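Mapping of the sequence shown onto my numbering: residues 618 to 734, in sequence order.
The beta-carbon is built from N, C-alpha and C at its ideal position, and this holds for glycine as well.
These numbers were taken from a predicted model, which means no experiment stands behind them.
Quick notes on the structure that follows.
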Amino acid sequence: VQLQASGGGLVQAGGSLRLSCAASGLISDIYSMSWYRQTPGNQRDLVAMITNSEATYYADSVKGRFTISRDNIEMLSLQMNSLKPEDTGRYYCNAVRRYGTKDYINWGQGTQVTVSS
618 VQLQASGGGL VQAGGSLRLS CAASGLISDI YSMSWYRQTP GNQRDLVAMI TNSEATYYAD
678 SVKGRFTISR DNIEMLSLQM NSLKPEDTGR YYCNAVRRYG TKDYINWGQG TQVTVSS
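Below, the structure is given as structure tokens:
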């Protein structure tokens, strides 16, 4: 699976952005897709996840502000509202294909989100 993230940018606190992640390849085998955030010197942290049954998970810090959706089989989105400076980071999408007990994980290249105060 190949993933291409887009939609990042510079926005003032309180503003909104919509991130997109276009998937290609073995997309029919995708079990879940997620958005992670990484800041310099830190690990990637899970922001939101959606499964192929449309179950969703959100980090506590973004609940009520961010919405993850799978617009179609090829497109993952993250609507980010009421943005805060602490939401700043590089956002990566990933896709998990699950075959029995084995997971295959693919990552996109990331898109930078900067929220100014």
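- For I685, the enclosing beta strand (DSSP E) begins and ends at 683 to 689.
- In the DSSP assignment, K719 falls within the unbroken beta strand (DSSP E) covering 719 to 724.
- Just measuring C-alpha positions, the residue of I647, C710, E691, G631 sitting nearest D662 is C710.
- Inter-residue distance for S633 and M697 is about 5 Å (C-alpha atoms, whole angstroms).
- When the five nearest sequence neighbours on each side are left out, the beta carbons in the same chain lying within less than 6 Å of the beta carbon of D704 are those of V732, in order along the chain.
- Beyond the five residues adjoining it in sequence on each side, S699 comes within less than 7 Å, by CB distance, of G631, R682 in the same chain, given in chain order.
- If you draw a straight line from the Cα of P702 to the Cα of V730, it comes to about 10 Å.
- For the 8 Å CB-CB criterion, L695 and A640 do not form a contact.
- DSSP places S678 in the helix class (H, G or I) of the three-state scheme.
- Cβ-Cβ distances below 7 Å link I644 to V618, I690, E691 in the same chain, with the five nearest sequence neighbours on each side left out; the list follows chain order.
- According to the DSSP secondary-structure assignment, S734 is paired through a beta bridge with no residue.
- Here DSSP, grouped into helix, strand and coil, assigns S649 to strand.
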